[in-house]
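K.L.:
Residue numbers (my numbering): 148 to 367.
(1) Quick check on the burial criterion: 16 or more other C-beta atoms within 10 angstroms. Buried or exposed for residue 354?
(2) Where does residue 259 sit, in a helix, a strand or coil, going by DSSP?
(3) With contact counted as at least three CB pairs below 8 Å, one residue from each stretch, are the region 251-263 and the region 179-193 in contact?
(4) State whether the region 167-178 contacts the region 212-229, with contact taken as three or more CB pairs (one from each stretch) at a distance under 8 Å.
(5) Between which two residues does the beta strand (DSSP E) harbouring residue 331 extend?
(6) Report the three-state DSSP secondary structure of residue 308 (helix, strand or coil).
(7) Does DSSP put residue 282 in a helix, a strand or coil?
(8) Excluding the 5 residues preceding and the 5 following residue 220 in the sequence, name in chain order all residues of the same chain whose CB lies nearer than 6 Å to its CB.
(9) Determine the direct distance from the alpha carbon of residue 177 to that of residue 330, and round the result to whole angstroms.
(10) Within the continuous alpha helix (DSSP H) that includes residue 237, where are the two ends?
(11) Shortest alpha-carbon distance to residue 193 belongs to which of 247, 225, 301?
(12) How long is the line joining the alpha carbons of residue 350 and residue 179, rounded to whole angstroms?
(13) Do residue 234 and residue 155 have their CB atoms nearer than 8 Å?
(14) With residue 303 as the anchor, note down where its alpha helix (DSSP H) starts and where it stops.
(15) Residue 273 and residue 312 - do their beta-carbons sit closer together than 8 Å?
(16) Is residue 227 buried or exposed, if buried means 16 or more other CB atoms sit within 10 Å of its CB?
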């Protein structure tokens, strides 16, 4: 049986500063939980709450990013979940989650694999860190929801790790062994009133629930 753990990462970027926004992921997490229970027989859903840092406003250091990721990994392991749906803004804290078994499906308007500031893990390059540190091979990473207008720039900057896929393509694909669904706030519809800084891909909770159902994550 797939046990899906829903983990909120309510850290968002404002300029070069990370802001903690407690409760920002509560509504989409609850909607996802309800939809998964209703539409996915044989899938158990555990709400893991939000991954919170101790400060309301803090510019995170490299070590603090890794510490948050390790904390998330501990929460996941204690829950018994065999697939994790991480939902949030600044997903640098999801770095350590990439070390879990199975493929990663990223729903994100941006690739988060740029070569900027490579000596410091941050929200724009954590996917590259995860791949170069050996947490996940590039062929195990799928990117859904990238902004079409940015694709030429992404390729010119060698800023992509993994493969690009359309949501419809994954929904119609054979089941994949997925361990992590890495969902950035910026792909979700503005109807959630979340603090987006970027354009949105306009996905809704039902789209993400459909993705989980179609992929049948980590079902042995």
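Note that beta-carbon positions come from the ideal geometry of N, C-alpha and C, so glycine has one too.
These numbers come from a predicted model, not from an experiment.
P.N.:
Here's the rundown:
(1) Against the chain shown, residue 354 aligns to sequence position 207. So residue 354 ends up on the buried side.
(2) Taking the first residue of the chain shown as 1, we reach residue 259 at position 112. Coil.
(3) no
(4) no
(5) Locating residue 331 in the chain shown gives position 184, counting from the first residue. 325-331 is the span of the beta strand (DSSP E), which, as asked, contains residue 331.
(6) Reading the chain shown from its first residue, position 161 is the one you call residue 308. Coil.
(7) Sequence index remark: in the chain shown, residue 282 carries index 135 (1-based). Coil at residue 282, not helix or strand.
(8) Sequence index remark: in the chain shown, residue 220 carries index 73 (1-based). Cβ within range, chain order: 243.
(9) Working through the chain shown from its first residue, we reach residue 330 at position 183. Working through the chain shown from its first residue, we reach residue 177 at position 30. Those two C-alpha atoms are separated by around 15 Å.
(10) Taking the chain shown and counting its residues from 1, one reaches residue 237 at position 90. No alpha helix (DSSP H) holds residue 237; DSSP gives it neither H nor E.
(11) Numbered from its first residue, the chain shown carries residue 193 at position 46. Closest by alpha carbon: 225.
(12) The count along the chain shown starts at 1 and reaches residue 350 at position 203. The count along the chain shown starts at 1 and reaches residue 179 at position 32. About 12 Å.
(13) By one-based count along the chain shown, residue 234 stands at place 87. By one-based count along the chain shown, residue 155 stands at place 8. It is a contact, given that the beta carbons lie within the stated cut-off.
(14) Within the chain shown, residue 303 is the residue found at index 156, counting from 1. That run of the alpha helix (DSSP H) goes 298-303.
(15) As a working mapping, residue 312 is identified with position 165 in the chain shown. As a working mapping, residue 273 is identified with position 126 in the chain shown. No, they are not a contact pair.
(16) If you number the chain shown from 1, residue 227 lands on position 80. Exposed: under 16 other Cβ atoms inside 10 Å.
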